[in-house]
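These notes concern the structure reproduced below.
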Amino acid sequence: MTKTWWKESVIYQIYPKSYNDATGNGVGDLLGIIQKLDYIKSLGVDMIWLCPIYESPDKDNGYDISDYKNISEKYGGNDVFEEFLTAVHEKGMKLMMDLVLNHTSDQHYWFKESRKSKTNKYRDYYFWKTSANGEPPTNWPSFFSGNAWQYDETTKEYYLHLFTKEQPDLNWENPEVRKELHDIMEYWLKKGVDGFRFDVVSLISKGENFSNTELDDFNDIINKHYANGPKVHQYLRELNANVLSKYGAVTVGEGPGIDLENGPLYVDEDREELNMIFHFGHMFIDAGAGGKYDIVPFDLLDFKKVFNDWDTHLRDKGWGSIFLGNHDFSRMVSRFGNDGEFRMASAKLLATLLFTMRGTVFVYQGDEIGMTNVAFPSIEDYNDVETINSWNEAEHNGEDMDEFLKKVHTTSRDNARTPMQWNTTKNAGFSAATPWLKVNPNYTTINVAEQENDPDSILNYYRSMIAFRKKHLTFVYGNYECLDFENEHIYAFRRWDDNADFLVLLNFSDKELRWKNHLAGRDYELVKSNLTTNTPDATLKPWQAKILKLKS
Ligand code: ISL
Numbered sequence: 132m133t134k135t136w137w138k139e140s141v142i143y144q145i146y147p148k149s150y151n152d153a154t155g156n157g158v159g160d161l162l163g164i165i166q167k168l169d170y171i172k173s174l175g176v177d178m179i180w181l182c183p184i185y186e187s188p189d190k191d192n193g194y195d196i197s198d199y200k201n202i203s204e205k206y207g208g209n210d211v212f213e214e215f216l217t218a219v220h221e222k223g224m225k226l227m228m229d230l231v232l233n234h235t236s237d238q239h240y241w242f243k244e245s246r247k248s249k250t251n252k253y254r255d256y257y258f259w260k261t262s263a264n265g266e267p268p269t270n271w272p273s274f275f276s277g278n279a280w281q282y283d284e285t286t287k288e289y290y291l292h293l294f295t296k297e298q299p300d301l302n303w304e305n306p307e308v309r310k311e312l313h314d315i316m317e318y319w320l321k322k323g324v325d326g327f328r329f330d331v332v333s334l335i336s337k338g339e340n341f342s343n344t345e346l347d348d349f350n351d352i353i354n355k356h357y358a359n360g361p362k363v364h365q366y367l368r369e370l371n372a373n374v375l376s377k378y379g380a381v382t383v384g385e386g387p388g389i390d391l392e393n394g395p396l397y398v399d400e401d402r403e404e405l406n407m408i409f410h411f412g413h414m415f416i417d418a419g420a421g422g423k424y425d426i427v428p429f430d431l432l433d434f435k436k437v438f439n440d441w442d443t444h445l446r447d448k449g450w451g452s453i454f455l456g457n458h459d460f461s462r463m464v465s466r467f468g469n470d471g472e473f474r475m476a477s478a479k480l481l482a483t484l485l486f487t488m489r490g491t492v493f494v495y496q497g498d499e500i501g502m503t504n505v506a507f508p509s510i511e512d513y514n515d516v517e518t519i520n521s522w523n524e525a526e527h528n529g530e531d532m533d534e535f536l537k538k539v540h541t542t543s544r545d546n547a548r549t550p551m552q553w554n555t556t557k558n559a560g561f562s563a564a565t566p567w568l569k570v571n572p573n574y575t576t577i578n579v580a581e582q583e584n585d586p587d588s589i590l591n592y593y594r595s596m597i598a599f600r601k602k603h604l605t606f607v608y609g610n611y612e613c614l615d616f617e618n619e620h621i622y623a624f625r626r627w628d629d630n631a632d633f634l635v636l637l638n639f640s641d642k643e644l645r646w647k648n649h650l651a652g653r654d655y656e657l658v659k660s661n662l663t664t665n666t667p668d669a670t671l672k673p674w675q676a677k678i679l680k681l682k683s
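Take 132 as the starting number for the sequence shown in this note's numbering and just add one per residue.
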């Protein structure tokens, strides 16, 4: 396995709209992030991943781009971006931009032209279809409710949109489209951007034919009709050869339908496509057959299996990403930990997992202080298009809306998008104006300022765990083995190489437990714990995490 700086990196994900508002309009911006660069650097992170900041009508908060070469004025425009990029580099960090290349906004010039006439130069930049019977061309559902085809009056044809109707899918079959997209990437790389996170990269190659689906389960539909199309790897190799490799850009691909079989193909070093992928095995672990609103209890065995399987599949030739939260899912401490009595311990336990697994670690803003889910009293308080569309669909279907609101509390993407909690002043110190999305009321107790002053805070634990990982590269490159797999409450694993041998013990429960002693006859020392009082053995208090160094 080749050793590379980005494999050893910790990447910090920022949702710019919610990070820090320096201009006082209720929306986070680049100047606001510049003000926080010392804070970010102090965590020990190497690279920042910024969610999309290009011009956008914000139907899906920037994942609907209307101009790829201009930074939205609400974030500061291109000049402030240059200032920001320079400042990031001066601090010794790197920048990863988010690129959405599967679809554009319907307000993008290409689409505005495309919809004008069937003979327009840009017509084939998108997928247009007629329909014989007044029905959409296929019965495909979109990710965000409703059919994935939208009728357009001007030319009396339908266009494809796998996400909202304001996010038409680009036709990568068309070489002109690929050329334009390569040019966009080159534009940002020439400015000095260090890498990209490619949104829904698994969806860029559509099947040869559009046909009705017989399937009901949305995941099955994704796998059969939307994801990992016939030319996806060809497109990525072309992109790598023509653009990425010339600049040494670091890449991570995101996408539904990436599984254990096809996932390794994206990151196999010999294939020269992408560096890393995000898989969602653990992120949909609490979703039943009916999708994310069909909530099932968290099961530690399923969770361990996801990590075990991926580690095995990427071990030899690829590289993984390790993350437990992002802007599309509820807060990690609320999902996988205990955000009540054991919030501190469980947030630190999850951090222990993050920084002891093999793969590049991604930390989502706010997780470093243990930010939790929010339970807004009304649907009016929510912003996310996925949440709103699902709500409308549920209402249309006559569901019990009080019950549905509870599900929204558990699963809404807005759980992760509430403003960053900096201090106890108005709006958590995020903005002087009314924030675009309400602040989580628990900011009075969960915020950066308080945790800065507390050596035992979650924040300082993140700092110490990042430093610990960097000191012991065994956690980055070493072997991984899950022990006592059948244990329903304890996640125990070994990380070792020629230099060191570590045992990580994580108690995912509210009870004190003793790990069956597989340590008999071994000499070991406790090198890390998420609690302040410890016994140097395999006894674990509720949500306790211990790292033992095995000596013989
Ligand atoms: O958000 C999800 C579940 O609630 C995912 O299914 C998500 O839609 C999927 O992983 C793709 O996400 C990415 O592309 C979307 C955008 O809304 C997400 O924010 C982005 O991360 C469309 O561009």
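Positions of the beta carbon are idealized from the N, C-alpha and C atoms, including for glycine. Quick caveat: nothing in here was measured; it's all calculated off a predicted structure.
**Asked** When the Cα atoms are used, what is the spatial distance from Trp687 to Gly159?
**Response** Only positions 132 to 683 of the chain appear in this structure, which leaves residue 687 out of reach.
**Alpha-carbon spacing of Asn201 relative to Arg489, whole angstroms** = Within the sequence shown, residue 201 is the residue found at index 70, counting from 1. Within the sequence shown, residue 489 is the residue found at index 358, counting from 1. Straight-line Cα distance between these residues: approximately 36 Å.
**Prompt:** So Ala279 is in the alpha helix (DSSP H); what residue range does that whole segment cover?
**Reply:** Position 148 of the sequence shown, counted from the first residue, corresponds to residue 279. Note, Ala279: premise wrong, no alpha helix (DSSP H); not H, not E.
**Message:** Taking 7 Å as the cut-off, is the C-beta of Asp351 nearer than that to any heavy atom in the ligand ISL?
**Reply:** Position 220 of the sequence shown, counted from the first residue, corresponds to residue 351. Placement of the Cβ of Asp351 at a distance of 7 Å or more from every heavy atom of the ligand ISL is found.
**Asked** Should Tyr110 be listed as close to the ligand ISL, given that the test is whether its C-beta is under 7 Å from any heavy atom?
**Response** The chain is shown from 132 up to 683; residue 110 falls before or after that span and cannot be answered.
**Message:** Measuring only the C-alpha atoms, how far is Gly696 from Leu590?
**Reply:** Any answer about residue 696 is impossible in this case: the structure gives the chain only from 132 up to 683.
**Asked** Cα-Cα, which of Asn504, Ser477, Met316, Tyr256 is closest to His620?
**Response** Numbered from its first residue, the sequence shown carries residue 620 at position 489. For His620, the nearest C-alpha among the options comes from Ser477.
**Message:** Below 8 Å on the Cβ atoms is my contact criterion, and I expect Ser197 with Gln298 to pass it. Report the Cβ-Cβ distance as a whole number of Å.
**Reply:** By 1-based counting over the sequence shown, the position of residue 197 is 66. By 1-based counting over the sequence shown, the position of residue 298 is 167. Rounded, the Cβ-Cβ distance is 11 Å, inconsistent with contact.
**Asked** Does Phe294 have its Cβ less than 8 Å from a Cβ in chain C?
**Response** The structure shown contains no chain C; it is built from a single protein chain.
**Prompt:** Can the beta-carbon of Asn359 be found closer than 8 Å to that of Ser333?
**Reply:** Looking up residue 359 in the sequence shown gives position 228. Looking up residue 333 in the sequence shown gives position 202. In contact: Asn359 and Ser333 (Cβ atoms closer than 8 Å).
**Request:** Could you please give me the residues that DSSP links to Gly384 through a beta bridge?
**Result:** For the purposes of this step, residue 384 is identified with residue 253 of the sequence shown, where counting begins at 1. Bridge partners of Gly384: Phe329, Ile408.
**Prompt:** beta strand (DSSP E) containing Ile426: first to last residue?
**Reply:** Residue 426 sits at position 295 when you count from the first residue of the sequence shown. Bounds of the beta strand (DSSP E) holding Ile426 are 422-426.
**Request:** My understanding is that Leu162 touches Phe212, with C-beta atoms under 8 Å, so please give their C-beta distance in whole angstroms.
**Result:** Mapped onto the sequence shown, residue 162 falls at position 31. Mapped onto the sequence shown, residue 212 falls at position 81. That belief does not hold up - the Cβ atoms of Leu162 and Phe212 are roughly 11 Å apart, past 8 Å.
**Cβ distance (whole Å) where Tyr146 is taken to contact Gln582 below 8 Å** = As a first step, residue 146 is located in the sequence shown; it is residue number 15 there, counting from the start. As a first step, residue 582 is located in the sequence shown; it is residue number 451 there, counting from the start. In fact, because the Cβ distance is near 20 Å, the residues do not count as touching under 8 Å.
**Asked** Pick from Asn554, Tyr290, Val516: whose alpha carbon is nearest that of Lys190?
**Response** For the purposes of this step, residue 190 is taken as the residue at position 59 of the sequence shown. It is Val516 whose Cα lies nearest to the Cα of Lys190.
**Stretch-stretch touch, CB-based, cutoff 8 Å, three pairs: the segment 203-220 with the segment 263-283** = Between the segment 203-220 and the segment 263-283, the count of Cβ pairs shorter than 8 Å is below three; the stretches do not touch.
**Message:** For a test of the three-state rule: what should DSSP assign to Arg645, helix, strand or coil?
**Reply:** For the purposes of this step, residue 645 is taken as residue 514 along the sequence shown, with counting starting at 1. Correct three-state label for Arg645: strand.
**Message:** Determine whether the beta carbon atoms of Asn354 and Val383 lie at a separation below 8 Å.
**Reply:** Residue mapping note: residue 354 aligns to position 223 of the sequence shown, counting from 1. Residue mapping note: residue 383 aligns to position 252 of the sequence shown, counting from 1. Asn354 places its beta carbon 8 Å or farther from that of Val383.
**Stretch pair the segment 360-380 + the segment 321-339: three plus CB contacts closer than 8 Å** = With the cut-off at 8 Å, the segment 360-380 and the segment 321-339 touch.
**Asked** In terms of residue numbering, what span does the alpha helix (DSSP H) encompassing Val176 cover?
**Response** Along the sequence shown, one-based indexing puts residue 176 at 45. No alpha helix (DSSP H) contains Val176, which DSSP labels as neither H nor E.
**Asked** So does Asp459 have its beta carbon nearer than 7 Å to some heavy atom of the ligand ISL?
**Response** By 1-based counting over the sequence shown, the position of residue 459 is 328. Checking the Cβ of Asp459 against the ligand ISL gives yes.
**Asked** If we count the other Cβ atoms within 10 Å of its Cβ and call it buried at 16 or more, is Tyr318 buried or exposed?
**Response** Mapped onto the sequence shown, residue 318 falls at position 187. Sixteen is the threshold: since fewer than 16 other Cβ atoms of the shown chains lie within 10 Å of the Cβ of Tyr318, the residue is exposed.
**Message:** Measuring only the C-alpha atoms, how far is Glu569 from Lys167?
**Reply:** Here residue 569 is taken as the residue at index 438 of the sequence shown, counted from 1. Here residue 167 is taken as the residue at index 36 of the sequence shown, counted from 1. The sequence shown places Lys at residue 569, rather than the Glu named in the question. Looking at the two C-alpha atoms, the distance is approximately 21 Å.
**Message:** With a threshold of 7 Å (Cβ to nearest heavy atom), would Lys423 be considered close to the ligand ISL?
**Reply:** Position 292 of the sequence shown, counted from the start, is the residue given in the question as residue 423. Lys423 Cβ: within cutoff of the ligand ISL.
**Request:** Check His231 in the structure and name its three-state DSSP category.
**Result:** Translated into the one-based positions of the sequence shown, residue 231 becomes position 100. The residue asked about is misnamed: residue 231 is Val in this sequence, not His. When DSSP states are grouped into helix, strand and coil, Val231 belongs to the coil group.
**Prompt:** Does the Cβ of Phe467 have 16 or more other Cβ atoms within 10 Å, making it buried, or fewer, making it exposed?
**Reply:** Here residue 467 refers to the residue found at position 336 of the sequence shown. When all chains shown are included, Phe467 counts as buried.
**Message:** Below 7 Å, is the gap between the Cβ of Val332 and the nearest heavy atom of the ligand ISL?
**Reply:** Position 201 of the sequence shown, counted from the first residue, corresponds to residue 332. Remark: the C-beta of Val332 is outside contact range of the ligand ISL, defined as less than 7 Å to any heavy atom.
**Asked** Any heavy atom of the ligand ISL closer than 7 Å to the CB of Asp237?
**Response** Counting from one through the sequence shown, the residue named residue 237 turns up at place 106. Between the ligand ISL and Asp237, a heavy atom-to-CB distance of less than 7 Å is absent.
**Message:** Excluding the 5 residues flanking Ser439 on each side, which residues of the same chain have their C-beta closer than 7 Å to its C-beta?
**Reply:** Here residue 439 corresponds to residue number 308 of the sequence shown, with the count starting at 1. Checking the displayed sequence, the identity of residue 439 turns out to be Asn instead of Ser. If we look at Asn439 and ignore the five residues flanking it on each side, its Cβ neighbours are Cys613.
**Asked** Hey, would you say Leu650 sits closer than 8 Å to Lys677, going by beta carbons?
**Response** Sequence index remark: in the sequence shown, residue 650 carries index 519 (1-based). Sequence index remark: in the sequence shown, residue 677 carries index 546 (1-based). Result no, Cβ atoms of Leu650 and Lys677 do not sit closer than 8 Å.
**Message:** Going by beta-carbon coordinates alone, are Thr483 and Val635 separated by less than 8 Å?
**Reply:** To locate residue 483, count along the sequence shown from 1; it is residue 352. To locate residue 635, count along the sequence shown from 1; it is residue 504. Result yes, Cβ atoms of Thr483 and Val635 sit closer than 8 Å.
**Prompt:** Ordered along the chain, which non-local residues of its own chain (more than five positions away) have a Cβ less than 7 Å from that of Leu685?
**Reply:** Within the shown structure, residues of the chain are numbered from 132 to 683, placing residue 685 beyond reach of any answer.
**Message:** Give the list of continuous alpha helix (DSSP H) stretches no shorter than 4 residues that lie fully inside the segment 166-210.
**Reply:** The qualifying runs are 168-174.
**Message:** Could you check if Asp545 belongs to the surroundings of the ligand ISL, using beta carbon to heavy atom distance under 7 Å?
**Reply:** On the sequence shown, residue 545 is found 414 positions in, with the first residue counted as 1. No, the ligand ISL has no heavy atom inside 7 Å of this Cβ.
**Prompt:** Would Gly427 be called buried (16 or more neighbouring beta carbons within 10 Å of its own) or exposed?
**Reply:** Counting from one through the sequence shown, the residue named residue 427 turns up at place 296. According to the sequence provided, residue 427 is Val. The question's Gly does not apply to it. Answer is exposed; the Cβ neighbour count stays below 16.
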